[in-house]
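Numbering (this note's numbering), first residue to last: 618 to 996.
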């Protein structure tokens with residue numbers, strides 16, 4: 618049978634690393650052997666480029682400038698019109714206003730899949746202009762992919778198109794799963810040796826991984842952590858609020874218990890997942906639509922404290938099963954959850970085991986790719 622020709626459209630692609638870009642790359646490389654896969658994105662400079670990366674045809678159109686974090690492309694519509702003539706399916710990753718517009722103007726008459734990663738939350742001025750285009754794109758789409766049921770329930774835009782929505786959970790990178798499997802297989806020897814050197818005896822270690830930006834709620838995490846005892850907090854990542862977070866730690870007098878690691882290598886990240894006792898995702902806004910780091914921590918058998926956002930976040934790690942879920946922005950509730958985790962070792966370990974089991978059942982890369990491939994076949 619002739620393989621399907623798929624064109625993914627997104628803002629950027631590898632080597633740029635972001636949550637959406639990782640998914641685009643995973644789908645492109647994971648299904649390259651089953652489909653004729655191409656990817657159309659913006660270049661991070663003013664140059665047009667075509668290249669092959671791991672059997673995937675990448676086309677990058679020039680970026681004239683940036684509007685916030687959004688690249689402003691030149692020639693995207695023309696490139697899409699040309700490439701789409703040979704495609705069976707266009708797979709657009711949203712939100713990407715220029716991508717929506719290019720698809721609508723391309724004259725493409727084949728099937729269109731939208732992967733709805735999140736609502737546009739803060740950019741109200743942009744939404745004034747973008748909403749009519751976005752709604753037209755949603756009507757045009759043949760299928761809309763979301764990672765959880767919470768994406769549909771938490772979005773005013775998706776509810777009218779519920780019948781088009783297909784839930785396909787994200788998957789853990791194969792390398793992360795393999796590293797986690799190795800950690801679990803040698804948990805006593807490996808973890809004991811690492812923690813003996815790097816972790817205070819009797820202390821419970823909390824871990825945060827992510828950008829230090831407004832919607833991650835790191836200030837809430839630090840304030841809540843200050844209310845705990847015999848605990849440590851490791852913060853992996855950087856961002857424009859790093860200075861404020863460091864200042865808050867100093868003001869609260871908890872410098873000796875909080876470690877900022879900044880950006881780390883993959884090997885160091887795996888080590889931090891292995892050494893922590895609890896992973897915390899304290900996000901405070903719907904801009905956090907899923908939280909991929911949750912399933913990465915769950916792969917290592919770690920319970921998760923997350924927040925009850927109207928998004929996919931609380932659908933990933935489940936309250937009182939694989940961790941605890943607290944109201945977003947509530948310092949007292951988060952502090953209570955962290956203290957409970959610190960004081961209930963047996964229950965904490967059981968939640969970690971359930972977290973790993975859930976990851977294996979729902980969030981494996983093979984499962985995600987098989988579901989995407991089945992959607993392509995169905996269309």
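All C-beta atoms, glycine included, are put in the ideal place defined by N, C-alpha and C.
Separation of residue j from residue i, as counted between CA atoms
{"i": "residue 987", "j": "residue 981", "result": "10 Å"}
{"i": "residue 641", "j": "residue 851", "result": "29 Å"}
{"i": "residue 848", "j": "residue 984", "result": "36 Å"}
{"i": "residue 639", "j": "residue 632", "result": "10 Å"}
{"i": "residue 951", "j": "residue 961", "result": "15 Å"}
{"i": "residue 915", "j": "residue 796", "result": "12 Å"}
{"i": "residue 921", "j": "residue 939", "result": "7 Å"}
{"i": "residue 862", "j": "residue 870", "result": "12 Å"}
{"i": "residue 717", "j": "residue 750", "result": "7 Å"}
{"i": "residue 675", "j": "residue 669", "result": "6 Å"}
{"i": "residue 955", "j": "residue 714", "result": "40 Å"}
{"i": "residue 761", "j": "residue 733", "result": "7 Å"}
{"i": "residue 978", "j": "residue 927", "result": "24 Å"}
{"i": "residue 941", "j": "residue 701", "result": "46 Å"}
{"i": "residue 826", "j": "residue 898", "result": "8 Å"}
{"i": "residue 765", "j": "residue 845", "result": "32 Å"}
{"i": "residue 854", "j": "residue 890", "result": "13 Å"}
{"i": "residue 996", "j": "residue 728", "result": "7 Å"}
{"i": "residue 968", "j": "residue 937", "result": "8 Å"}
{"i": "residue 648", "j": "residue 873", "result": "47 Å"}
{"i": "residue 993", "j": "residue 790", "result": "21 Å"}
{"i": "residue 719", "j": "residue 755", "result": "14 Å"}
{"i": "residue 932", "j": "residue 767", "result": "7 Å"}
{"i": "residue 800", "j": "residue 721", "result": "48 Å"}
{"i": "residue 703", "j": "residue 973", "result": "42 Å"}
{"i": "residue 630", "j": "residue 689", "result": "15 Å"}
{"i": "residue 904", "j": "residue 730", "result": "22 Å"}
Contact belief for residue i with residue j at Cβ below 8 Å, rounded distance in angstroms
{"i": "residue 989", "j": "residue 946", "result": "Contact flag wrong, Cβ pair sits at about 34 Å."}
{"i": "residue 710", "j": "residue 625", "result": "7 Å"}
{"i": "residue 894", "j": "residue 965", "result": "7 Å"}
{"i": "residue 930", "j": "residue 907", "result": "7 Å"}
{"i": "residue 653", "j": "residue 623", "result": "7 Å"}
{"i": "residue 958", "j": "residue 821", "result": "7 Å"}
{"i": "residue 948", "j": "residue 925", "result": "So it is not a contact: roughly 15 Å between Cβ atoms."}
{"i": "residue 934", "j": "residue 911", "result": "5 Å"}
{"i": "residue 698", "j": "residue 723", "result": "5 Å"}
{"i": "residue 804", "j": "residue 705", "result": "Not confirmed; about 46 Å, so no contact."}
Where the beta strand (DSSP E) containing residue i begins and where it ends
{"i": "residue 710", "result": "706–711"}
{"i": "residue 655", "result": "653–659"}
{"i": "residue 760", "result": "760–763"}
{"i": "residue 701", "result": "Not the beta strand (DSSP E): residue 701 falls in the alpha helix (DSSP H), residues 693–701."}
{"i": "residue 979", "result": "Unbroken run through residue 979 is the alpha helix (DSSP H), 962–979; no beta strand (DSSP E)."}
{"i": "residue 663", "result": "Residue 663 -> no beta strand (DSSP E), and no H or E assigned at all."}
Segment limits, alpha helix (DSSP H) that includes residue i
{"i": "residue 624", "result": "Per DSSP, residue 624 belongs to no alpha helix (DSSP H); it is in the beta strand (DSSP E), 622–626."}
{"i": "residue 756", "result": "741–757"}
{"i": "residue 901", "result": "Run containing residue 901: none; DSSP gives neither H nor E here."}
{"i": "residue 797", "result": "791–802"}
{"i": "residue 992", "result": "982–995"}
{"i": "residue 862", "result": "859–868"}
Burial state of residue i, where buried means 16 or more other Cβ atoms lie within 10 Å
{"i": "residue 777", "result": "exposed"}
{"i": "residue 773", "result": "exposed"}
{"i": "residue 917", "result": "buried"}
{"i": "residue 627", "result": "buried"}
{"i": "residue 742", "result": "exposed"}
{"i": "residue 841", "result": "buried"}
{"i": "residue 923", "result": "buried"}
{"i": "residue 725", "result": "buried"}
{"i": "residue 664", "result": "exposed"}
{"i": "residue 909", "result": "buried"}
{"i": "residue 868", "result": "exposed"}
{"i": "residue 919", "result": "buried"}
{"i": "residue 662", "result": "exposed"}
{"i": "residue 864", "result": "exposed"}
{"i": "residue 746", "result": "exposed"}
{"i": "residue 748", "result": "exposed"}
{"i": "residue 634", "result": "exposed"}
{"i": "residue 677", "result": "buried"}
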